[in-house]
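Here is the structure we will look at.
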């Protein structure tokens with residue numbers, strides 16, 4: 001399961017609307033790919049289709065899809081949003097990550 005903080009929820013819904021997606025029907029796709037300074041990096045995008053190997057969750061009224069392989073790396077993660085002048089944007093608080101880079105966009109196990 002991936003959890004979504006209240007601040008992340010507000011930002012996700014706003015961005016979905018800006019990009020023509022409907023938060024009540026469409027999804028936030030969260031994934032992991034090779035790359036980044038720590039070895040693995042996070043991916044976030046909007047999607048209106050569920051794939052055969054996707055897991056579907058809903059937390060805090062945000063619908064989330066995660067491809068099965070990425071879920072192994074993301075179980076228990078909390079998606080947060082840090083705004084303001086020194087804010088980093090979306091932040092993944094991942095209990096599986098043993099090391100993260102300074103920007104918070106990549107990690108290693």
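Numbering (full-length UniProt numbering), first residue to last: 1 to 109. The C-beta atom is built at its ideal place from N, Cα and C for all residues, glycine as well.
#1: Quick one, which of 74, 5, 83 and 80 has its alpha-carbon nearest residue 97's?
#2: In terms of residues, what are the limits of the beta strand (DSSP E) holding residue 54?
#3: Under the assumption that residue 28 contacts residue 62 (Cβ atoms under 8 Å), give the Cβ distance between them as a whole number of angstroms.
#4: Check whether the Cβ atoms of residue 3 and residue 59 sit closer than 7 Å, and answer yes or no.
#5: Can you name, in chain order, every residue of its own chain whose Cβ lies under 8 Å from the Cβ of residue 1, other than the five neighbours on each side?
#6: In angstroms with no decimal places, state the Cα-to-Cα distance between residue 15 and residue 9.
#7: Can you give the Cα-Cα distance for residue 50 and residue 79, rounded to whole angstroms?
Inspection of the coordinates gives the following:
#1: 74
#2: 54 to 59
#3: 6 Å
#4: yes
#5: 57, 59, 75 and 76
#6: 10 Å
#7: 20 Å
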